[in-house]
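*Asks:*
Structure below.
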């Protein structure tokens with residue numbers, strides 16, 4: 031057997047390749063470090079934004095609460111002595127204050143979920159009762175918009191481990207949207223049932239104008255308003271659906287949305303049962 035001959039050129043080629051691989055590894059390592067630094071910076075920025083929103087909204091909430099209590103007292107104790115026109119103005123004031131307070135509460139919830147430092151307060155919840163309690167404050171709105179509201183809730187729902195406050199906000203915002211973006215005289219159906227033995231499905235369907243597919247792609251983003259120009263103000267800050275998405279994902283679930291222009295929309299979520 032002939033002995034292999036030593037080729038200095040081959041050795042140089044191997045060394046060159048090793049050096050190239052080493053340089054490539056160092057480049058990847060540097061890129062990974064930069065990405066981690068950017069991620070940490072973004073997290074800190076989000077934390078700062080959430081803290082700022084939280085402080086501002088908490089400061090705004092107190093005067094709204096005081097004003098709402100004062101207006102309620104005026105309406106309660108002076109109602110018999112008021113002129114009809116003044117009664118109407120006081121009632122309108124109460125509605126506006128309630129809407130303003132709920133907007134601030136939405137801001138606070140959004141900041142809390144954005145910060146991701148406060149854990150969910152999970153507890154076993156009767157989901158049908160939760161749905162009806164969350165939707166109840168919208169009764170006056172259904173009358174104003176002449177909306178027929180119906181429920182389709184399975185009697186077989188088990189107790190569900192959720193953060194009751196967060197889930198109530200989710201149900202409220204989804205139903206609120208279905209009513210306000212509906213046609214006058216339209217229908218809103220609130221449904222909840224088991225998709226399978228380990229998944230709960232909640233849906234709110236409406237007979238509104240519907241949304242184009244390109245709008246569905248951004249509908250869950252914060253500060254996005256997809257109302258038509260005539261009714262642009264109805265969703266306020268555009269945080270409702272963003273809050274829904276953040277709360278549902280914090281529970282390990284996923285949001286769902288389908289829409290047909292001219293027919294209506296179905297918004298909801300799938301939630302794993304624990």
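Residue numbers (our numbering): 31 to 304.
Note that CB positions come from ideal geometry on N, CA and C, so glycine has one too.
Evaluate contact between the segment 275-285 and the segment 216-227, counting only Cβ atoms and requiring at least three cross-stretch pairs below 8 Å.
*Replies:* Touching, no, given that fewer than three Cβ pairs across the two stretches are closer than 8 Å.
*Asks:* By the DSSP assignment, the alpha helix (DSSP H) with residue 202 in it spans what residues?
*Replies:* By 1-based counting over the chain shown, the position of residue 202 is 172. Looking at the DSSP string, the run of the alpha helix (DSSP H) that includes residue 202 is 194-210.
*Asks:* Do you know offhand how far residue 286's Cα is from residue 269's?
*Replies:* Within the chain shown, numbered from 1, the residue matching residue 286 stands at position 256. Within the chain shown, numbered from 1, the residue matching residue 269 stands at position 239. Cα to Cα, residue 286 sits roughly 17 Å from residue 269.
*Asks:* Going by C-alpha to C-alpha distance, which of 127, 304, 216, 120 sits closest to residue 228?
*Replies:* For this step, residue 228 is matched to residue 198 along the chain shown. Looking at the Cα atoms, 304 is the closest of the given residues.
*Asks:* Looking only at its chain, what residues have a beta carbon closer than 6 Å to the beta carbon of residue 200, apart from the 5 residues adjacent to it on each side?
*Replies:* Reading the chain shown from its first residue, position 170 is the one you call residue 200. Excluding residues within five positions, the ones whose Cβ falls inside 6 Å are 274, 277.
*Asks:* Where does residue 304 fall in DSSP's three states?
*Replies:* In the chain shown, counting from the first residue as 1, residue 304 sits at position 274. Reduced to three states, the DSSP call for residue 304 is coil.
*Asks:* Quick check: what's the CA-CA separation for residue 169 versus residue 70?
*Replies:* Working through the chain shown from its first residue, we reach residue 169 at position 139. Working through the chain shown from its first residue, we reach residue 70 at position 40. One C-alpha to the other measures close to 45 Å.
*Asks:* Check whether the Cβ of residue 194 lies closer than 9 Å to any Cβ atom in chain D.
*Replies:* Looking for chain D here will not work: only one protein chain is present.
*Asks:* Considering just the uninterrupted stretch of the beta strand (DSSP E) at residue 284, what are its terminal residues?
*Replies:* Taking the chain shown and counting its residues from 1, one reaches residue 284 at position 254. Taken as a continuous stretch (DSSP letters only), the beta strand (DSSP E) holding residue 284 covers 284-290.
*Asks:* In chain order, what residues of the same chain lie with their CB nearer than 6 Å to the CB of residue 233, ignoring the 5 residues before and after it?
*Replies:* As a first step, residue 233 must be located in the chain shown, where it is residue number 203. Answer for residue 233: 221, 296, 298, listed in chain order.
*Asks:* For residue 161, count neighbouring Cβ atoms within 10 angstroms of its own Cβ and tell me buried if that reaches 16, exposed if not.
*Replies:* Locating residue 161 in the chain shown gives position 131, counting from the first residue. When all chains shown are included, residue 161 counts as buried.
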